[in-house]
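A quick write-up on the structure given underneath.
Numbering (the numbering used here), first residue to last: 1 to 344.
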């Protein structure tokens with residue numbers, strides 16, 4: 001899970017039964033088509049959205065056909081981005097990197113989507129070492145920018161993608177405090193780069209959510225989990241102090257921080273205290289989403305959560321709309337009656 005509320009975005013719809021035929025791009029009809037790569041890109045994109053286990057291989061075959069045997073049609077950066085995206089979504093980061101190098105070898109200049117797609121390919125991969133490869137690739141891009149070889153300026157999304165790769169690694173059997181600390185190093189470098197104006201784009205809380213998720217996912221002993229909890233709380237508090245650099249906490253930030261507390265608190269008293277504090281802050285900031293409210297109700301005793309809700313002006317069945325005033329409508333909390341385990 002990318003962050004707590006990933007499931008609210010929905011799963012991607014398979015189009016495996018609607019794939020265009022490669023044969024429709026071949027033969028006598030090709031000369032009558034518009035002289036661009038759009039039909040080929042459509043096929044590649046369809047493979048990216050499909051559940052075909054050979055989708056990456058077939059998408060690359062379409063790209064190769066476009067490169068080698070299509071008169072009057074040239075591959076573009078869009079073609080290569082589509083192919084890399086297909087590789088990323090089907091667990092082939094190595095192939096995505098090969099396509100990236102192939103594109104550069106043909107003197108086609110990568111755009112920001114190209115770089116971020118390769119990073120995403122490693123972030124999505126669950127093989128050991130993928131997070132480190134994503135970080136190595138981003139470091140390579142930084143070096144190329146400094147040397148003048150590339151004009152690409154990493155964004156906060158670029159860094160967040162790498163941090164998310166470490167969040168995935170943190171949740172695997174070999175994930176531990178060292179993984180969290182590596183993600184912390186990258187997160188702190190992002191903040192330093194933002195302060196110096198070296199990062200493209202505005203402050204964005206997404207990287208913070210990815211880092212908090214890395215802390216939440218840690219596998220380790222009690223001491224390591226406690227250290228991860230302290231690291232997460234520190235990052236959350238620093239975020240509130242520097243919204244101009246890190247971004248304002250949003251509903252995802254609060255949801256992910258609650259996930260941290262539920263998983264890493266050493267005892268029920270500590271968990272309840274932290275959950276109450278986060279709930280109150282979310283309400284005051286207008287960031288109470290359905291997911292945040294649901295976590296608070298599920299993971300705290302009913303006597304505690306009802307006391308807190310009533311003290312803030314809510315009731316057993318209704319909550320003030322000011323509590324979710326900054327939350328997108330699709331994530332608004334429902335009325336409390338029978339929507340959170342039927343508790344009220």
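Virtual Cβ for every residue (Gly too), placed ideally from N, Cα, C. Fair warning: this is a prediction, and the values are worked out from it, not measured in the lab.
Using three-state DSSP, classify residue 54 as helix, strand or coil. Here residue 54 sits in coil by DSSP.
Presumed contact (8 Å Cβ cut-off) between residue 162 and residue 134, rounded CB distance: The beta carbons of residue 162 and residue 134 sit about 5 Å from each other, so the pair counts as a contact at 8 Å.
Helix, strand or coil at residue 9 [DSSP, three-state]: Per-residue confidence for residue 9 stands at a pLDDT of 35, beneath the threshold of 50, marking its modelled position as unreliable; no derived number is given.
Any idea if residue 324 is buried or exposed, counting beta-carbon neighbours within 10 angstroms, 16 or more meaning buried? Counting other Cβ atoms within 10 Å of its Cβ, residue 324 reaches 16 or more and is therefore classed as buried.
Roughly how many angstroms separate the alpha carbons of residue 266 and residue 53, rounded to a whole number? Linking residue 266 to residue 53 through their CA atoms gives a straight-line distance of about 43 Å.
Who are residue 155's beta bridge partners in DSSP? 200.
Rounded to whole angstroms, how far is the Cβ of residue 206 from the Cβ of residue 183, which I believe are closer than 8 Å? A Cβ-Cβ distance of about 14 Å is found for the pair residue 206 and residue 183, leaving them out of contact under the 8 Å criterion.
Could I get the ranges of all uninterrupted alpha helix (DSSP H) runs contained in the stretch 268-301, with 4 residues as the minimum, in chain order? Counting only unbroken stretches of 4 or more residues, the alpha helix (DSSP H) elements lying wholly within the stretch 268-301 are 268-284 and 290-299, in sequence order.
Going along the chain, which residues of its own chain have a beta-carbon closer than 6 Å to the beta-carbon of residue 140, five neighbours each way excluded? If the five residues before and after residue 140 are omitted, its C-beta is found closer than 6 Å to no C-beta atom of its own chain.
Relative to the alpha-carbon of residue 226, which residue among 316, 177 and 298 has its alpha-carbon at the smallest distance? Nearest C-alpha to residue 226: 177.
Which residue wins for smallest C-alpha separation from residue 352, given the options 309, 208, 86 and 243? Outside the modelled stretch of the chain, which goes from 1 to 344, sits residue 352, for which no answer is possible.
Buried or exposed by the 16-neighbour rule on C-beta atoms within 10 Å, applied to residue 170: Residue 170 comes out buried.
Using 8 Å for Cβ pairs, my map puts residue 353 next to residue 233. What's the rounded Cβ distance? This structure cannot settle anything about residue 353, because the visible part of the chain is limited to 1 through 344.
Give the secondary structure of residue 186 by DSSP, where H, G and I count as helix, E and B as strand, and everything else as coil. Residue state for residue 186 is assigned as helix, using DSSP reduced to three classes.
Buried or exposed by the 16-neighbour rule on C-beta atoms within 10 Å, applied to residue 143: The C-beta of residue 143 has fewer than 16 other C-beta atoms within 10 Å across all chains shown, which makes the residue exposed.
Is residue 250 buried or exposed, if buried means 16 or more other CB atoms sit within 10 Å of its CB? Residue 250 counts as buried, since no fewer than 16 other beta carbons sit within 10 angstroms of its beta carbon.
Using 8 Å as the cut-off, can you tell me whether the stretch 112-119 makes contact with the stretch 63-82, which would need three or more C-beta pairs spanning the two stretches below that distance? Flag = yes, the stretch 112-119 and the stretch 63-82 touch.
Apply the 10 Å Cβ neighbour rule to residue 285 and answer buried if 16 or more other Cβ atoms are within range, or exposed otherwise. So residue 285 counts as buried.
Between residue 244 and residue 203, which are expected to be in contact by the criterion C-beta below 8 Å, what is the C-beta distance as a whole number of angstroms? With 8 Å as the limit, residue 244 and residue 203 qualify as a contact, their Cβ atoms being about 6 Å apart.
Span of the alpha helix (DSSP H) holding residue 111? Note, residue 111: premise wrong, no alpha helix (DSSP H); not H, not E.
Apart from the five residues on each side of it in sequence, which residues of its chain come closer than 6 Å, Cβ to Cβ, to residue 212? If we look at residue 212 and ignore the five residues flanking it on each side, its Cβ neighbours are 232, 256, 257 and 260.
Provide the residue span of the alpha helix (DSSP H) that contains residue 94, from first to last. Unbroken alpha helix (DSSP H) run through residue 94: 93-105.
Residue 332, DSSP secondary structure in three states: In the structure shown, residue 332 sits in coil (DSSP, three-state: anything other than H, G, I, E or B).
Here's the rule: buried if 16 or more other CB atoms are within 10 angstroms of the residue's CB, otherwise exposed. What is residue 333? Within a 10 Å sphere around the beta-carbon of residue 333 sit 16 or more other beta-carbons, which makes this residue buried.
Which of helix, strand or coil DSSP assigns to residue 315: DSSP places residue 315 in coil when its eight states are reduced to three.
Measure the CB-CB distance between residue 156 and residue 190 and report whether it falls below 8 Å. Yes, Cβ-Cβ distance for residue 156 and residue 190 is below 8 Å.
Starting from residue 145, trace the alpha helix (DSSP H) both ways and give me its first and last residue. It spans 130-147 - the alpha helix (DSSP H) in which residue 145 sits, taken as one unbroken run.
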